[in-house]
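Take any residue in the first sequence, note its place counting from 1, add 1, and you have its number in our numbering. In this text, a Cβ means the ideal position worked out from N, Cα and C, and glycines have one as well. Since this is a predicted model, take the numbers as computed values, not measurements. Below: the structure, in structure tokens.
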Amino acid sequence: MPLKIYNSLTRQKEVFEPLNAPYVGMYVCGPTVSGESHLGHARPFITFDVVYRFLLYKGYKVRYVRNITDAGHFEEEGKQAEDKIATKAILEKLEPMELVQKYTHLYHWAMEQFNNMPPSIEPTATGHIVEQIEMIKKIIADGYGYEANGSVYFDVVKYNDDYSKKNQPYGILSGRNLDEQLDTTRELENQEEKKNKVDFALWKKAPAEHIMRWQSPWGEGFPGWHIECSAMATKYLGKQFDIHGGGMDLQFPHHECEIAQSTVCNHQMPARYWMHNNMITINGRKMGKSYNNVIKLSELFAGNHPELTQAYSPMTVRFFILQSQYRGTLDFSNEALQASEKALRRLMEAYEWLKAQSFTAGSNASDPVLDSQLKTWVNELETFMDDDMNTAKVVANLFEIIPSVNSLKDKHITADAVAGDTWIFVQKQLELFIEQILGIKVEQGANRQQLNGVVDLLVEIRKDAKTRKDFATSDKIRNQLAEMGIQIKDEKDGSMSYTFI
RNA sequence: GGUCCUGUGGCCGAGUGGCUAGGCAGAGCUCUGCAAAAGCUUCCACAGCGGUUCGAAUCCGCUCGGGACCUCCA
């Protein structure tokens, strides 16, 4: 079955056909490193990590570009040109680049915790000032940009007039009508520089107190909000590439402006497939600074935030996110995270056990119904991914498969119920989907080996105690280990196993 | 005010016009020295009101509720 992707541009699922198969170019808007990443940021990066992994599995040679915004944008345009990063730097008494470095490290640390694969290229805005200036020059030369007082703006109205004739009006991605926007866009102060209030900045003149500043043909200043993505995507992926991803909240104005800029420079729509992940909400509200409901990733992993009743591991969070389809909102709650934590543990315990088994090919199934049912569930995994990355359904099917694995483990069924080839197939595909595609890894703490040795010893002692019918001792060992988060289980064959909770 | 999305069982979440989503929680059973785990079984649903249809959670309309974007935002 072919891979289908929901294209925000056309508002429908489309068969994915790369421009230059087997090569695929994918650009995803990365973070602004002026602060620590929060739970909301985790969603796009995990979502597109899975997209990346699945495309690789499909055999594509993917160049995945994810930028880092370290140049700082003005928060309130016109009113008081304010560089986000510079402002925070003064507050924290850090040099801007020192601050950028700090948060970049934290961001990379979080990505690693989530087991996200690094992108092929991770360009920074400050490293591409020249490319951005060149692009702005081109936009001005073509008549779609104009200078005013050392700043440069994009002429949205002219662009819209000209490109509407080419079926690419401004607002094509977000479904906005420019005339309506001209009526409804909020009035901001100091807008006299702009021809129209919908125009956006390509280059901004730096006020005296602004720390981050670069020389340009229009004086000292810094790049506008949207130009970096256009410049870097063009540089590394070409004039047109396959997939552009990001959060839904970037659809307007960020991606809309990106389309306008790139189209003027390159004469074509920059990306063919636009993918947008939906928001993570908390108590029904989008997580965001303006709502004051942000849970930082470090707080999430440590459990030190008023909204949290406990800590949640990176894999729990990843699994939580993958249990939903990326285009729907996902509501955070302790109850939901705890459910994911338990579900993930059950999944991984069964999976790890299965992985360690060896099966013999060639044997027949004594339960052909179960045998074919298992094969169906396994085969559906790829079908669900093909259907716009429906990880929710993939996970649901994994839980259809798990009971059979556990039944085999607990000897509720015998190995010959299912053909050896089928078990081998299940083994192989679960590894593929759980580890390679969903990117879920087994979480192990530090010093795990030593700890294993200690627990093994205690298990031995308990076994002896049980043999002597000294249940007081055996219970003491089991209960106290349980309190420390190590759970002992008496298996059917008299052996004991344990898991770290 | 404008544009758009959404409302599924205690919680989180899939979903095709007709067939059990799944997870967590709850109940029962099996196994077990007791537990835990696991397996099996089971309870709980499609905001409300109309309409289309042989048949709708799924299409249409209205009502009510929630949210997003229009300003930095994943």
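Let me make sure I understand the geometry here. Which of 195, 169, 158, 167 has the alpha-carbon closest to that of residue 179?
158
Assuming residue 66 contacts residue 237 under a Cβ cut-off of 8 Å, what Cβ separation, rounded to an integer in Å, is found between them?
5 Å
When the Cα of residue 427 is compared with those of 265, 374, 478, 169, which residue comes out closest?
374
Ordered list of beta strand (DSSP E) runs contained in the segment 6 to 43, each at least 3 residues
13 to 16, 24 to 29
Excluding the 5 residues preceding and the 5 following residue 442 in the sequence, name in chain order all residues of the same chain whose CB lies nearer than 6 Å to its CB.
116
Can you tell me whether residue 472 is buried or exposed, with buried defined as 16 or more other CB within 10 angstroms of its CB?
exposed
Under 7 Å Cβ to Cβ from residue 491, same chain only, skipping five residues before and after it: list those, please.
497
Mind checking residue 49: buried by the 16 CB within 10 Å criterion, or exposed?
buried
Flag this pair as yes or no: are the beta carbons of residue 456 and residue 502 separated by less than 8 Å?
no
Given that a residue counts as buried once 16 or more other Cβ atoms are within 10 Å of its Cβ, and exposed if not, what is residue 218?
exposed
To the nearest angstrom, how far is the alpha carbon of residue 137 from that of residue 248?
25 Å
Work out the CA separation of residue 213 and residue 352 for me, nearest whole Å.
51 Å
Using 8 Å as the Cβ pair cut-off and three pairs as the minimum, do the segment 298 to 305 and the segment 268 to 288 touch?
no
Nearest neighbour of residue 432, chosen from 35, 365, 348 [CA to CA]
348
Can you look up residue 494 in the DSSP assignment and give me helix, strand or coil?
coil
Determine the closest residue to residue 459 out of 416, 481, 223, 420, with distance taken between C-alpha atoms.
481
Going by DSSP, what residue range makes up the beta strand (DSSP E) through residue 281?
281 to 283
Output the boundary residues of the alpha helix (DSSP H) element that contains residue 153.
Per DSSP, residue 153 belongs to no alpha helix (DSSP H); it is in the beta strand (DSSP E), 152 to 155.
Option nearest residue 63 by Cα separation, candidates 255, 321, 30, 25
25
Cβ neighbours of residue 242 in the same chain (closer than 6 Å, five flanking residues each side left out)
26, 272
According to DSSP, is residue 310 helix, strand or coil?
coil
DSSP three-state call for residue 1: helix, strand or coil?
Here the chain has residues from 2 to 502 only, and residue 1 is not among them.
Give the straight-line distance between the Cα atoms of residue 128 and residue 155, rounded to the nearest whole angstrom.
22 Å
Candidates 296, 295, 203: closest to residue 259 by CA position
203
Per DSSP, cross-strand counterpart(s) of residue 488
500
Identify the continuous alpha helix (DSSP H) that holds residue 97 and give its terminal residues.
97 to 114
Let me check understanding here. Comparing Cα to Cα, which of 326, 328, 334 lies closest to residue 312?
334
Thinking C-alpha only, which one of 250, 28, 135, 143 is nearest residue 216?
135
Residue 39 beta carbon less than 8 Å from that of residue 295
yes
Supposed contact pair residue 201 and residue 72 - C-beta distance, whole angstroms, cut 8 Å:
The Cβ separation is near 16 Å, so there is no contact.
Span separating the alpha-carbon of residue 342 from that of residue 321:
8 Å
Please confirm whether residue 181 and residue 149 have their CB atoms less than 8 Å apart.
no
If you check the beta carbons only, do residue 366 and residue 423 fall under 8 Å apart?
yes
Measuring CB to CB, does residue 100 end up less than 8 Å from residue 89?
yes
So residue 407 is in the alpha helix (DSSP H); what residue range does that whole segment cover?
392 to 410
Only counting the same chain, and skipping five residues up and downstream in sequence, which positions put a Cβ closer than 7 Å to that of residue 281?
40, 41, 44, 288, 331, 333
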